[in-house]
Each structure stands twice: as C-alpha cells, then as structure tokens.
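Let me begin by presenting the structure, written as structure tokens, before commenting on it.
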Amino acid sequence: MELELKFAELACCEPVGDLVTTQEESMETAIPEYCPDIARIVDTVGQLRLREKHPAGQQLTMGGSVVLTVLYTSEESAGLRSLSMEVPFSCQVEDKRLADCDAVCVTGRLLLAEAKAVTARKLYLRVMPEFTVSGYARRRQRLCCGTEEDPALRVRRQEAELELLTAVEEREFSFAQEVAPDGPPPEDVLMERTAARVEECRRVGSRLVLKGQAEVCVLYRGENQELAAYRTALPFSQLLDGVELPEDAQVEARIQWASSEIRVLRTENGPAFGITVTICAALLVRRKQQVSYIEDLYSLHHAAQVRRQETPLPVAWQRDIPSQEAVQQLEFGQGRPFAYLTAAECSGVSTVQEGGGPALRCTVRLRVLYLDESGTPVCAERSAEVTAPAAWEPQTVRAACGLPQMQITGSTCRLSVPVRFEARRCLRRPVAAVTAVELQDPPEGPQPSLILRRMAEGETLWDIARQYRTDEEAIRAANELTEDRPEGMLLIPRVR
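Counting in the UniProt record's numbering, the sequence shown runs from 1 upward without gaps.
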C-alpha cells in the first residue's frame with residue numbers, strides 16, 4: 001500500500017538564462033530644414049530607447065528606436081553643430097525557455113551607430129543594437145513535510161534555509177531639474193551622456209523607495225560658438241507602488257538603462273539647462289525561508305520502498321561589484337586643451353585566472369572629441385583592456401562604463417573612465433526529499449533472534465536501524481552508546 005504523505009509547496013522565480021540577439025536597421029533621410037548644410041561629419045553617437053516589449057509564448061517582440069546624434073561642421077555657420085534623428089526598430093526573440101517566463105528583463109547596447117552624408121541635406125543612417133533578454137520562470141517545488149499518523153514509522157528530517165527569488169519586474173520613472181552651468185553661457189546643446197546608480201533601496205510600508213543619483217555630462221556650444229562641457233550629479237528619490245513585497249523581503253534594484261533629454265532655458269538669472277532623466281530599474285524581490293523536509297523514513301512493521309527526488313534549491317544569491325579604471329593620455333599639441341568623451345562601450349566580459357584567483361576582463365572602446373592644432377573638432381578612437389579581481393567564479397557578469405574624469409595639465413589630458421563590473425551567482429543545495437513511499441508486508445519466515453554486527457565504512461546507526469526495521473534509540477540503549485561510530489560489535493535488538 002502507498003503511504004499517505006503531506007507536502008509543502010515552494011513558489012519562486014528561476015532565471016532561465018540570458019538570450020542575446022542583434023538587429024540591424026538602416027534608412028536614408030533628409031535633415032531638418034532648420035539645420036545648416038553638412039560639410040563634414042565629426043562623430044555619430046546613439047542612444048538606445050526600448051519603448052515596448054510583448055511576450056507571447058516562446059516569442060518576445062521588442063520595439064523602440066535608436067536616437068542618433070550627428071555632430072558635424074557646416075560651411076554655412078561657425079562652430080560644431082548637431083542634429084538628432086530616430087531610427088525605429090522592431091525585433092523578435094524566439095526560444096522555448098521563454099514560454100514558461102512570468103517576467104522578462106531587457107538590457108541593450110549599440111554595436112554600431114553610423115551616419116554618412118549622401119548629400120549636404122541627406123543622411124544614410126545605420127544602427128545595430130544588441131539586446132540581452134533575461135527571463136524568469138515561475139517554479140513550484142513540492143517538499144515532503146509530513147506523513148499519516150503511524151507510531152511504527154521512523155522519520156529522518158533535514159532543515160534548510162533557502163533564499164527564494166519571489167518576484168522580478170521592471171519599473172520606469174522620470175524626474176526633471178533645472179541647473180545653471182558654471183562655464184560659458186550655453187546657446188545650444190550638442191549631446192549628452194548619462195549614468196545612474198541606486199544607493200539605497202528600502203521598504204516603507206507597502207511601498208518601495210529608491211534613492212540614488214544620475215550623473216549627466218553635457219556637450220554644448222557657447223554663445224561665442226566655443227565648445228564647452230558641463231557635468232552635474234542629480235539626486236533622485238522615487239516612491240514605487242504596486243510592488244509585491246512579502247514580509248521580511250529584501251529588494252535589490254538594478255539599473256537597466258538611463259537616458260536624458262536636455263534643453264537650454266532662458267531664465268531671469270540667465271541661461272540654464274532643463275534636464276529630464278528617465279531610468280529603468282529591475283526590481284528583484286527575495287526572502288529567506290526555513291524549510292523542514294523528510295529525507296528518509298521506514299516502518300518497523302513493513303518493508304518500505306522509498307522514492308526520492310534530488311532538487312537543487314537556492315540558499316544564497318551573491319553579488320560582487322568590482323570596479324577598475326580605463327586610463328588614456330591625450331596630447332593636444334598646440335591646440336586648445338579641450339576633450340569630451342562621446343562614447344564608451346564595454347565588450348563582453350570574460351572570466352580569467354590572474355594572480356591565483358578569478359578575474360573579470362573586458363575591452364573598453366572609447367571615442368574622444370577634441371580640438372586639433374587649428375581648432376577644428378575631430379574625433380579619435382581608443383581602446384583599453386580592463387581587468388578587475390573577482391571574489392569568486394561568477395555565473396553571469398556584465399560591465400558598464402561610467403562618466404569620465406578628465407585632468408588637464410598643460411597640453412596633456414588624463415582621461416579616466418570608471419568600469420563597473422557586476423558578477424552574480426546563485427549557490428544551491430541539493431535537496432533529496434521523499435516523493436513516494438510504498439509499504440509492503442515483510443518477508444515470511446523465521447527471523448534471527450539475535451543479531452551481532454559491526455558498522456561498515458560510511459554506515460550510520462540510522463542505516464542499521466532501517467535495515468533491520470528496529471529503532472536507532474533502541475540500538476543505543478542496548479549497547480550503552482555515547483558516540484555515533486562505536487568500534488566493536490553491536491547488538492541489534494528487535495522492536496516488538
């Protein structure tokens with residue numbers, strides 16, 4: 001007969017693995033009428049904006065645009081000019097692992113952002129965004145936690161503390177602020193770069209508070225047509241509603257992307273920047289749970305056939321954030337000492353062995369706008385390999401560049417770009433829990449009235465008691481045992 005078991009159900013989210021896809025888009029377009037003719041393109045930078053994602057079975061459809069900023073010179077006007085054009089995209093990812101996903105998070109980067117002048121009034125635009133799709137499936141795991149009432153049953157339990165990922169969702173929010181630059185009065189914004197980080201994530205009642213700051217670096221043209229840069233840090237504090245927060249839950253907020261829109265304002269106190277920052281954050285909700293499960297059992301009166309299933313369950317989610325700097329030296333010669341980092345991208349991260357331990361390595365590609373000896377704006381590309389020590393071997397890792405620090409001394413500029421790695425792993429414990437038990441009548445025939453035997457290598461008193469359908473405590477009492485592995489012969493009593 002089958003023994004009636006009682007089960008407890010664990011519900012959690014499990015990552016199904018990252019899916020990476022690329023999409024290439026191109027178009028020809030005329031430049032706006034208010035823009036002067038293009039003489040020379042200095043640089044093209046892109047900002048990826050994901051506006052929608054629609055999961056449907058094994059497919060995920062994503063849509064948005066790449067906002068291209070083209071920096072150029074014109075014979076019709078002095079100074080550096082810029083124009084922005086949007087290249088729309090729509091792409092699909094198909095994978096059977098997505099069918100089980102309740103939540104999907106997407107990050108992206110631009111592998112290519114290119115603009116070529118077909119004529120003085122027409123551009124050929126080409127972009128290649130890369131998307132990393134992280135899916136999270138809802139899993140339910142049953143653990144045997146009890147049996148029917150039977151005094152003849154002997155049960156061995158195990159305790160485990162698990163850390164369960166209970167919910168994952170993305171939230172997008174915006175905030176705005178006015179700032180007055182401390183440099184030349186601005187006439188026009190040419191481009192901007194934005195980086196954000198979360199410094200605090202805490203629960204207030206049923207809501208969640210995110211605090212952090214967004215750093216914005218603006219390249220602009222002054223009233224005298226000179227190039228200037230302005231950098232500021234904007235603090236934010238965002239209150240989020242509707243997040244599923246179990247009691248004693250811990251929430252981690254991960255920045256997926258950040259973008260900004262900047263315009264020049266004419267105020268009573270002079271020109272200022274109106275900055276609107278949009279941030280998308282992934283919220284990962286975890287909680288610890290103590291579980292007690294039945295690992296083994298037997299009956300004193302029946303032969304028991306026990307079926308078990310071993311399942312690796314999460315006991316800890318670890319995160320390591322090592323950082324390093326990519327450093328470049330720039331020589332200006334006789335030109336005006338000015339530089340602005342228009343783009344900084346990290347390649348895929350690899351794990352290597354260095355100094356007797358694991359390390360994270362990536363290549364950082366930089367594009368720097370500067371003025372040559374004649375004062376003409378030009379752009380140079382540089383690359384640097386960055387390695388940071390890691391505390392352990394990660395399961396997933398990514399890297400992102402922050403905003404640079406520039407130190408100009410004479411005709412030399414030291415460019416330092418912070419590179420922030422993010423390594424993750426989930427530690428799991430194999431849990432072998434009972435799934436079914438069938439009780440059978442013991443074999444007929446005479447049974448030995450006296451059993452003497454030694455313990456085998458690796459054997460426990462539980463194993464012996466189970467083999468002879470007796471009681472572990474009865475063996476201890478009959479042999480007056482005070483230790484778990486006695487040296488001599490053991491008397492195995494029968495329990496009636």
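Just so it is clear, CB atoms sit at the ideal spot from N, CA and C, and this is done for glycine as well. As the structure is a computational prediction, the values presented were derived from the model and not from experiment.
{"Asked": "Contact check, Tyr-298 vs Arg-469 under 8 angstroms by CB: the rounded distance?", "Found": "7 angstroms"}
{"Asked": "For residue 512 and Ala-272, I'd like the C-alpha separation in whole angstroms.", "Found": "Within the shown structure, residues of the chain are numbered from 1 to 496, placing residue 512 beyond reach of any answer."}
{"Asked": "Do three or more CB pairs link the region 459–468 to the region 308–323 at distances below 8 angstroms?", "Found": "no"}
{"Asked": "Would you list the residues sitting across from Lys-211 in a DSSP beta bridge?", "Found": "Glu-200 and Ser-237"}
{"Asked": "Suppose the cutoff is 7 angstroms on Cβ atoms and the five residues either side in sequence are ignored; what does the same chain contact list for Arg-49 look like?", "Found": "Gly-64, Ser-65, Val-67 and Ser-259"}
{"Asked": "Taking Cβ to Cβ, would you say Glu-192 is nearer than 8 angstroms to Cys-217?", "Found": "yes"}
{"Asked": "Measure the Cβ-Cβ separation of Val-168 and Cys-91 and say whether it is below 8 angstroms.", "Found": "no"}
{"Asked": "Determine the direct distance from the alpha carbon of Ala-282 to that of Cys-379, and round the result to whole angstroms.", "Found": "35 angstroms"}
{"Asked": "So, using beta-carbon positions, are Ala-384 and Val-368 closer together than 8 angstroms?", "Found": "no"}
{"Asked": "How long is the line joining the alpha carbons of Tyr-2 and Ser-134, rounded to whole angstroms?", "Found": "According to the sequence shown, residue 2 is Glu rather than Tyr. The straight-line gap from Cα to Cα measures roughly 42 angstroms."}
{"Asked": "Please report the straight-line C-alpha distance between Glu-94 and Gln-59, rounded to a whole angstrom.", "Found": "4 angstroms"}
{"Asked": "Hey, would you say Cys-401 sits closer than 8 angstroms to Glu-457, going by beta carbons?", "Found": "no"}
{"Asked": "So for Gln-467, helix, strand or coil by DSSP?", "Found": "helix"}
{"Asked": "Around the C-beta of Leu-427, are 16 or more other C-beta atoms found within 10 angstroms, so that it is buried, or is it exposed?", "Found": "exposed"}
{"Asked": "Does the distance from the C-beta atom of Arg-221 to that of Glu-187 stay below 8 angstroms?", "Found": "yes"}
{"Asked": "Quick test of the definition: if touching needs 3 or more C-beta pairs under 8 angstroms, does the region 120–136 touch the region 23–32?", "Found": "yes"}
{"Asked": "Among Leu-227, Ser-237 and Leu-111, which has the Cα closest to the Cα of Arg-202?", "Found": "Ser-237"}
{"Asked": "Can you round the beta-carbon distance between Leu-71 and Leu-190 to whole angstroms, since I take them to be within the 8 angstroms contact cut?", "Found": "6 angstroms"}
{"Asked": "Between Glu-331 and Tyr-340, what straight-line distance do the alpha-carbon atoms span, to the nearest angstrom?", "Found": "14 angstroms"}
{"Asked": "By the DSSP assignment, the beta strand (DSSP E) with Arg-121 in it spans what residues?", "Found": "Looking at the DSSP string, Arg-121 is not in any beta strand (DSSP E), and its letter there is neither H nor E."}
{"Asked": "Quick one: is Thr-376 buried, meaning 16 or more other Cβ sit within 10 Å of its Cβ, or exposed?", "Found": "exposed"}
{"Asked": "Identify which residue in Cys-13, Gln-329, Met-85 and Leu-360 has its Cα closest to the Cα of Thr-412.", "Found": "Gln-329"}
{"Asked": "Taking the CB atoms as reference points, tell me whether Thr-432 and Glu-310 lie closer together than 8 angstroms.", "Found": "Before going further, note that residue 432 is Ala rather than Thr in the sequence given. Closer than 8 angstroms, so yes."}
{"Asked": "Assuming Val-45 and Ala-390 are in contact, meaning their beta carbons sit under 8 angstroms apart, how far apart are those beta carbons, in whole angstroms?", "Found": "No, Val-45 and Ala-390 are not in contact; Cβ-Cβ is about 31 angstroms, not under 8 angstroms."}
{"Asked": "The ligand NAP and Ala-228: does the residue's C-beta get closer than 7 angstroms to at least one heavy atom of that ligand?", "Found": "Among the ligands in the structure shown, none appear at all, so the ligand NAP cannot be discussed."}
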